[in-house]
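Q: The first sequence begins at 319 in this note's numbering and counts up by one.
We treat Cβ as the ideally placed atom computed from N, Cα and C, and that holds for glycine.
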Amino acid sequence: MLSIYNTLTGKKEPFHSLQPKTVRMYVCGVTVYDYCHIGHARSALVFDVIRRYLEFSDYQVEFVKNFTDVDDKIIKRANERGVSCETITAEFIEAYYQDMGKLGVRRATNEPKATEHMAEIIELVSSLIQKGLAYPVDGDVYFQVEKYRDYGRLSKRKLEDLQAGARVDVDERKRHPMDFALWKGSKPGEPSWESPWGPGRPGWHIECSAMAMRHLGETFDIHGGGMDLIFPHHENEIAQSCGATGKEFARYWIHNGFVQINQEKMSKSLGNFFTIREIFEKSKWPEDETGEMLRYFLLGTHYRSPLDFSDKSIEEAKTALNGFYDLLVKRLAEPEERTTADKGLMEAIERCRAAFREAMDDDLNTSVAIAELQRLKSDVNKLLSLGLSTEARKIARSEFRSLGASLGLLQLDAWQFVDKPRSGGVAVGLTDSEGRGMVSELSDEQIEQQIAERLDAKKKKNFAQADEIRKSLASRGIVIEDKPDGTSRWKR
RNA sequence: GGCGCCGUACCCAAGUGGUUAAGGGAGCAGUCUGCAAAACUGCGAUGCAGCGGUUCGACCCCGCUCGGCGCCUCCA
């Protein structure tokens with residue numbers, strides 16, 4: 319039974335979907351005016367994993383993630399560049415897909431844009447005015463927070479407390495300083511849509527309410543986003559949505575913790591951020607491996623805890639991943655007739671499966687889930703030396719694959735090599751390599767040739783020459799491992 | 001000023017009112033090996049920021065102190 323920490327109640331709660339076997343969830347996406355940084359990556363990844371795990375648990379998931387494509391910052395960027403807002407948003411939506419794709423973040427089942435939901439937004443604002451929860455002023459429309467009883471319920475704040483520390487500009491036209499814009503009258507040169515209050519554009523919060531309700535209904539299961547969205551964004555969404563429908567909006571509110579740099583929140587305003595593409599560009603590893611390293615690193619900490627980003631932590635993820643992929647390759651390279659430990663494998667798998675589920679069921683404890691995968695890795699390595707049949711190896715492989723899939727890990731092509739050995743050698747793809755660029759200069763055949771020469775030298779006890787060849791290959795990123803039977807395997 | 005979070009070994013990071021405080025990385029020692037590499041085995045917090053309290057018993061509950069962070073404005 320899955321239980322999830324619900325920001326709304328401040329507790330871990332058993333998860334029950336509204337409709338059996340179906341989960342409807344909405345996650346706040348990004349405002350598309352710039353490249354995404356690792357913080358965005360973490361958020362996207364967390365909800366990607368929640369979605370994957372729900373599917374792994376036999377739910378059908380209707381997953382809606384929006385793009386905010388009308389916003390001050392977009393307008394600003396468009397003006398700076400002298401292009402249209404559409405040009406900007408199209409560019410960064412494309413970049414988003416590229417970056418998240420590299421991280422293995424699957425696309426949501428629905429990815430709506432604010433600009434495509436003006437009718438729903440205007441309708442929602444109108445109904446709030448009708449209900450006396452909002453008021454128009456000079457082409458703007460504001461939500462009147464004092465009229466909504468439960469304002470502050472999500473962020474656990476009282477209106478008075480908010481006011482005391484408020485750093486918002488005093489606007490004479492607002493009835494209460496915390497009243498927020500549902501609709502903004504447009505200034506000349508800004509994108510605008512016709513409305514009962516004149517030409518304008520929606521405020522930030524209303525678009526999410528409108529899109530969520532349009533695609534998931536008035537009440538749905540999960541609403542997620544980064545912790546910084548709790549206030550005011552999600553608080554306002556609740557006020558608008560519940561205010562308009564009189565019904566509950568989202569039932570479970572899930573928020574992920576921040577990525578930090580040296581213990582400080584990573585953010586645009588602090589300037590201490592790394593973009594996703596920057597990390598891929600700087601990485602000395604191939605793209606899919608870098609993606610998985612990042613993913614492993616980001617899932618190594620519980621999703622609600624802060625997470626410090628550093629090069630070192632990424633490298634550590636690499637080392638840990640090597641262990642997994644190396645195991646898969648090993649199983650391939652050494653086919654086996656014996657079945658001595660087959661039974662032990664089944665027990666190990668059963669144990670792992672149960673522990674893995676238990677961990678994930680406990681508020682998505684990916685740290686423990688990964689630890690269980692590690693334990694299985696260790697178990698299998700031990701059993702392997704006792705003797706696992708080819709069939710058993712296949713079973714173990716698919717177990718790693720299926721458990722890994724719910725985290726989006728261990729899905730790399732390297733895995734496929736298990737079925738297709740490459741001329742005696744094995745390309746692992748995850749190894750330490752200096753001068754990776756030179757690797758491609760050596761074909762598999764050339765490498766095999768070198769290895770044959772080395773084995774020959776070894777047979778003649780000419781270890782100096784054998785070591786020389788090994789060294790030479792190593793300098794080109796080829797690592798040789800001698801097997802007990804006198805042959806060698808290699809990897810890049 | 002208000003609301004909230006965190007402080008676990010060299011590093012990262014789970015966790016529980018009471019059996020050995022997960023797992024990974026690094027390190028050291030050993031098995032294997034011509035030597036390596038990989039794998040395996042062993043070692044590694046008598047203690048979970050500090051001080052009090054509750055309790056038969058606390059790292060886990062309560063209070064205080066110190067240190068770090070977040071939100072209250074746009075923010076994943």
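Identify every run of the alpha helix (DSSP H) within the region 384-450, keeping only runs that are complete inside it and at least 4 residues long; order them along the chain.
A: 390-399, 403-420 and 436-448
Q: Classify Ala782 as buried or exposed, calling it buried when 16 or more other Cβ atoms lie within 10 Å of its own Cβ.
A: For the purposes of this step, residue 782 is taken as residue 464 along the first sequence, with counting starting at 1. Ala782 should be labelled exposed.
Q: When we look at the beta-carbon of Gln337 and count the other beta-carbons within 10 Å, is it buried (16 or more) or exposed?
A: Locating residue 337 in the first sequence gives position 19, counting from the first residue. Using a 10 angstroms sphere on the CB of Gln337, the tally of other CB atoms stays under 16, which defines it as exposed.
Q: Starting from Gly357, trace the beta strand (DSSP E) both ways and give me its first and last residue.
A: Counting from one through the first sequence, the residue named residue 357 turns up at place 39. It is not in any beta strand (DSSP E) - Gly357 instead sits in the alpha helix (DSSP H) that spans Ile356 to Phe374.
Q: Straight-line CA distance for Gly419 to Ile688?
A: Your numbering for residue 419 matches position 101 in the first sequence. Your numbering for residue 688 matches position 370 in the first sequence. Computed Cα separation, rounded: 22 Å.
Q: What residue from Gln768, Gly503 and Met611 has the CA that sits closest to Ser631's CA?
A: Along the first sequence, read from residue 1 onward, the residue named residue 631 stands at position 313. For the residues Gln768, Gly503 and Met611, the minimum Cα distance to Ser631 belongs to Met611.
Q: Using beta-carbon positions only, say whether Phe381 and Met343 come within less than 8 Å of one another.
A: As a first step, residue 381 is located in the first sequence; it is residue number 63 there, counting from the start. As a first step, residue 343 is located in the first sequence; it is residue number 25 there, counting from the start. Result yes, Cβ atoms of Phe381 and Met343 sit closer than 8 Å.
Q: From Thr427 to Tyr570, what distance separates their C-alpha atoms?
A: Within the first sequence, the letter at position 109 stands for residue 427. Within the first sequence, the letter at position 252 stands for residue 570. Straight-line Cα distance between these residues: approximately 19 Å.
Q: Based on DSSP bridge pairs, tell me the residues matched to Lys565.
A: For the purposes of this step, residue 565 is identified with residue 247 of the first sequence, where counting begins at 1. For Lys565, which the question treats as bridged, DSSP gives no partner whatsoever.
Q: In whole angstroms, what is the alpha-carbon distance linking Arg794 and Lys602?
A: In the first sequence, residue 794 corresponds to position 476, counting from 1. In the first sequence, residue 602 corresponds to position 284, counting from 1. So the two alpha carbons sit approximately 14 Å from each other.
Q: Where does the unbroken alpha helix (DSSP H) through Met678 begin, and where does it stop?
A: By one-based count along the first sequence, residue 678 stands at place 360. Element bounds for Met678: Asp660 to Asp679.
Q: In chain order, what residues of the same chain have a beta carbon less than 8 Å from the beta carbon of Gly518, not counting five sequence neighbours either side?
A: Position 200 of the first sequence, counting from 1, holds the residue named residue 518. Cβ neighbours of Gly518 beyond the five flanking positions: Gly457, Asp458, Trp501, Lys502, Gly503, Ser504, Ser510 and Trp511.
Q: Compare the C-alpha of Ile787 against each of Pro550, Ser445 and Ile769 and name the closest.
A: Translated into positions along the first sequence, residue 787 becomes position 469. Ranking the options by Cα distance to Ile787, first place goes to Ile769.
Q: Given Thr433, which residues of its chain have a CB within under 7 Å of its CB, disregarding the five upstream and five downstream residues?
A: Here residue 433 corresponds to residue number 115 of the first sequence, with the count starting at 1. Closer than 7 Å at the Cβ level, and outside the excluded window around Thr433, lie Asp387 and Val388.
Q: Starting from the Cα of Asp468, find the closest Cα among Asp390, Ser559 and Gly705 and give me that residue.
A: Position 150 of the first sequence, counted from the first residue, corresponds to residue 468. Per the Cα distances, Ser559.
Q: Tell me which residue opens and which closes the alpha helix (DSSP H) that Asn699 is part of.
A: Counting from 1 along the first sequence, the entry for residue 699 is found at position 381. Per DSSP, Asn699 belongs to the alpha helix (DSSP H) from Thr684 to Leu704.
Q: Tell me which residues share the same chain as Asp697 and place their Cβ nearer than 7 Å to its Cβ, disregarding the 5 neighbours each side in the sequence.
A: Locating residue 697 in the first sequence gives position 379, where the first residue counts as 1. Correct list, in chain order: Ala666.
Q: Quick one: give me the first and last residue of the alpha helix (DSSP H) that Thr657 is part of.
A: Translated into the one-based positions of the first sequence, residue 657 becomes position 339. DSSP places Thr657 in no alpha helix (DSSP H); its state is neither H nor E.
Q: Check this for me: beta carbons of Ser685 and Thr619, under 8 Å apart or not?
A: Residue numbering aside, residue 685 sits at position 367 when the first sequence is read from its first letter. Residue numbering aside, residue 619 sits at position 301 when the first sequence is read from its first letter. Closer than 8 Å, so yes.
Q: Helix, strand or coil: how does DSSP classify Tyr643 here?
A: Taking the first residue of the first sequence as position 1, residue 643 is located at position 325. DSSP places Tyr643 in helix when its eight states are reduced to three.
Q: Any idea what DSSP makes of Glu490, helix, strand or coil?
A: For this step, residue 490 is matched to residue 172 along the first sequence. It is coil, neither helix nor strand.
Q: Give the range of the beta strand (DSSP E) segment to which Arg772 is assigned.
A: For the purposes of this step, residue 772 is taken as the residue at position 454 of the first sequence. Note, Arg772: premise wrong, no beta strand (DSSP E); alpha helix (DSSP H) at Asp762 to Lys777.
Q: Going by the beta-carbon positions, is the gap between Met529 and His573 smaller than 8 Å?
A: Counting from one through the first sequence, the residue named residue 529 turns up at place 211. Counting from one through the first sequence, the residue named residue 573 turns up at place 255. It is not a contact, given that the beta carbons lie outside the stated cut-off.
Q: Let me make sure I understand the geometry here. Which of Asp417, Lys779, Thr563 and Glu799 has the alpha-carbon closest to that of Ser445?
A: Here residue 445 is taken as the residue at index 127 of the first sequence, counted from 1. Of the candidates Asp417, Lys779, Thr563 and Glu799, the one whose C-alpha sits nearest the C-alpha of Ser445 is Thr563.
Q: Quick one: is the Cβ of Ala557 within less than 7 Å of any heavy atom of the ligand GDP?
A: Only the bare structure without any ligand can be found here, which leaves the ligand GDP out of the picture.
Q: Whole-angstrom Cβ separation of Gly575 and Tyr621, contact assumed at under 8 Å?
A: In the first sequence, residue 575 corresponds to position 257, counting from 1. In the first sequence, residue 621 corresponds to position 303, counting from 1. About 7 Å; that satisfies the 8 Å criterion.
Q: I need the straight-line Cα distance from Asp376 to Leu728, nearest angstrom please.
A: Translated into the one-based positions of the first sequence, residue 376 becomes position 58. Translated into the one-based positions of the first sequence, residue 728 becomes position 410. Rounded to whole angstroms, Asp376 to Leu728 spans 21 Å at the Cα level.
Q: Would you decide whether Val647 is buried or exposed? Buried here means 16 or more other CB atoms lie within 10 Å of its CB.
A: Along the first sequence, read from residue 1 onward, the residue named residue 647 stands at position 329. Buried.
Q: Roughly how many angstroms lie between the CA atoms of Arg772 and Ala710, to the nearest whole one?
A: Position 454 of the first sequence, counted from the start, is the residue given in the question as residue 772. Position 392 of the first sequence, counted from the start, is the residue given in the question as residue 710. Arg772 and Ala710: Cα-Cα distance of roughly 33 Å.
Q: Measuring alpha carbon to alpha carbon, tell me which residue in Gly535, Ile392 and Arg370 is nearest Gly422.
A: Residue mapping note: residue 422 aligns to position 104 of the first sequence, counting from 1. Closest option to Gly422, Cα to Cα, is Arg370.
Q: Once DSSP output is grouped into helix, strand and coil, what is the label at Gly544?
A: In the first sequence, counting from the first residue as 1, residue 544 sits at position 226. Strand, per DSSP.
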